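Numbering (the working numbering), first residue to last: 8 to 200. By construction, the Cβ of each residue, glycine as well, lies at the ideal position given by its N, Cα and C atoms. Since the structure is predicted, the reported quantities are computational estimates derived from the model, not experimental observations. Shown next, in structure tokens, is the structure this report addresses.
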DNA sequence: GCGACAG
DNA sequence: ATCTTGTCGC
């Protein structure tokens with residue numbers, strides 16, 4: 008499995024070179040999607056929820072998940088099934104569990120999916136993967152090598168995935184935990200029964 | 001060698 | 001993520 012991780016690391020470095028960190032502006036997101044995955048042993052249940060400001064809609068995908076969870080390589084385990092769940096949904100902004108550039112190689116799952124789909128994405132994680140939390144002007148930033156790569160608000164970490172920036176992460180964090188993610192999490196966990 | 005370690 | 005009882009608090 009050593010070969011695989013070496014290769015995947017190169018892939019992540021390539022992805023990191025293609026990330027686009029630029030201001031999006033949440034006000035430009037007419038539709039926001041949230042994706043989450045729950046497990047029942049080897050079976051993964053992915054749910055993608057879309058909210059367009061008026062109504063909700065969602066996709067459910069179940070399938071075997073082979074790749075193990077390895078810190079730093081989450082995308083290999085969850086990106087495939089997440090992408091399937093997102094099929095057919097048009098989302099101006101995609102949110103998902105996990106980090107974006109707040110990653111050892113600036114290539115968290117939100118970045119991988121964002122670059123792959125050329126979409127606006129943002130990672131929302133429940134715990135830190137890398138960096139130090141530094142407060143500045145009333146805001147808690149996730150800092151890696153002196154660079155601010157994310158924002159911590161409450162117990163959540165927000166970091167740009169692709170075609171979004173730190174300002175977007177801060178703006179999103181101030182809206183509180185995204186409802187689409189709360190719904191996706193709740194739905195995926197109750198559908199595995 | 002030791003500690004850290006998204007879901 | 002999942003396993004898994006009781007317990008503290010609004």
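Here residue 139 is exposed: its Cβ has fewer than 16 other Cβ atoms, across all protein chains shown, within 10 Å. Looking at 9, 20, 75, 11, the one whose alpha-carbon comes closest to that of residue 115 is 20. With contacts defined by Cβ atoms closer than 8 angstroms, residue 167 and residue 176 form a contacting pair. Residue state for residue 82 is assigned as helix, using DSSP reduced to three classes. The C-alpha of residue 61 lies about 43 angstroms from the C-alpha of residue 14. Residue nearest to residue 163 within the set 184, 65, 76 is 184 (criterion: CA-CA distance). In the three-state reduction of the DSSP assignment, residue 102 falls in the strand class.
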